[in-house]
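Participant:
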Amino acid sequence: MLPLLSSLFNAILIPTPTPTPTATVLLHFSADKMADSKIRNVINRIFTALLTCAFALGGAGIGIITGAIKGQTTETGLVRGAGVGAVTGAITALQLMEMMANGESFSKVALLHSLLNGKVFMEWVSPAVLKAYQWQASAMEMSFSDMFDMDSNGIRGLSEDIIDSLPKRIFGNSTQNDNECNETSCTICLQDFKNGEEGRELLNCRHVFHLKCIDEWLIRQGSCPICRKDV
């Protein structure tokens, strides 16, 4: 009996609360605020992605130009130089963007101005591409020296007089030799033969190389780099 009376008393004296207009407004405001926050997050992500793409493309563009120019003046070559420059430029530009985002470099106004005139890419990307080329050139020189230092069956190098007595040839001159070889590149430096370049042909095997490449090889090794026949 007492539980029944208690339930009736609570139903009469303690009515169920109903949401007030103020609470409804607060609920709508909170929902709108959450929606605005999500929209801002999406916009920030899109802006960050676009800025990242702009930095990467800008760095790659400057890297391609710098790498192609540097590769054209070295043994790396135009195409390979552009490829190395593109990768190095893109990576350097992204690193630069991260530094700026952490407040380690320019202000936002200076950053925007540098992006518009391309100064930021030239100042940061070009030195990085040149460093990459210096590293690559050092690696190539080291590999070249290691290759020369190999001792093949105890064969020693040749004297300069013997090397100078070996026949020379001008690449692209079809009238110079009747037995024109089918080789299109030097196996020592891996660079293609160009018209007008001077090379040297080994008598025993008829293999042809760039003049400078084979002369440096024969000073240390008196055999062909390809077939290992004695010169």
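According to UniProt numbering, numbering within the sequence shown proceeds without interruption in unit steps and concludes at 231.
Every residue gets a Cβ at the ideal spot worked out from N, C-alpha and C, and that includes glycine.
Quick caveat: nothing in here was measured; it's all calculated off a predicted structure.
Flag this pair as yes or no: are the beta carbons of VAL208 and GLU201 separated by less than 7 angstroms?
Facilitator: yes
Participant: Counting pairs of Cβ atoms below 8 angstroms between the stretch 185-198 and the stretch 212-222, do you hit three or more?
Facilitator: The stretch 185-198 vs the stretch 212-222: in contact.
Participant: Should PRO167 be labelled buried (16 or more other beta-carbon atoms within 10 Å of its own) or exposed?
Facilitator: exposed
Participant: The alpha helix (DSSP H) that contains ILE219, what's its start and end?
Facilitator: Where ILE219 is concerned, the enclosing alpha helix (DSSP H) stretches over 211-220.
Participant: Once DSSP output is grouped into helix, strand and coil, what is the label at ILE188?
Facilitator: Correct three-state label for ILE188: coil.
Participant: Which residue wins for smallest C-alpha separation from VAL231, given the options CYS53, ASP164, GLY196?
Facilitator: ASP164
Participant: Opposite VAL208 in the DSSP bridges: which residues?
Facilitator: GLU201
Participant: DSSP state of LYS38, grouped into three classes?
Facilitator: helix
Participant: Where DSSP assigns a beta bridge to SER223, which residues make up the other side?
Facilitator: In DSSP, SER223 forms a bridge with ASP230.
Participant: If ALA90 and ALA56 are in contact, beta carbons under 8 angstroms, what's the gap, nearest whole angstrom?
Facilitator: 5 angstroms
Participant: Tell me ARG169's beta-bridge partners as DSSP assigns them.
Facilitator: GLY199
Participant: Given this structure, state the Cα-to-Cα distance separating residue 232 from PRO225, to the nearest angstrom.
Facilitator: The structure shown has nothing for residue 232, since the chain only spans 1 to 231.
Participant: Pull up the distance between the alpha-carbon of ILE162 and that of GLN221, whole angstroms please.
Facilitator: 13 angstroms
Participant: Within its chain, find whatever has a CB closer than 8 angstroms to the CB of GLY157; leave out the 5 residues flanking it on each side and keep chain order.
Facilitator: Sequence-distant Cβ neighbours of GLY157 in its own chain, meaning closer than 8 angstroms and more than five residues away, are LEU218, ILE219, ARG220, GLN221, GLY222.
Participant: Report buried or exposed for THR66, applying the criterion of at least 16 other Cβ atoms within 10 angstroms of its Cβ.
Facilitator: buried
Participant: Using the C-alpha atoms, what's the distance from ASN44 back to MET97?
Facilitator: 15 angstroms
Participant: Rounded to the nearest angstrom, what separates VAL84 and ASP36 at their Cα positions?
Facilitator: The alpha-carbon separation between VAL84 and ASP36 amounts to approximately 44 angstroms.
Participant: From ARG169 to ARG80, what does the alpha carbon distance come to, in whole angstroms?
Facilitator: Each residue's alpha carbon lies about 27 angstroms from the other.
Participant: Going by other Cβ atoms of all chains shown within 10 Å of its Cβ, with 16 needed for buried, is ILE46 buried or exposed?
Facilitator: Per the 10 Å Cβ criterion, exposed.
Participant: Taking the C-alpha atoms as reference points, what is the distance between GLY196 and LEU50?
Facilitator: 48 angstroms
Participant: Just tell me which of ARG40, LYS38, THR52 has its CA closest to the CA of LEU94.
Facilitator: THR52
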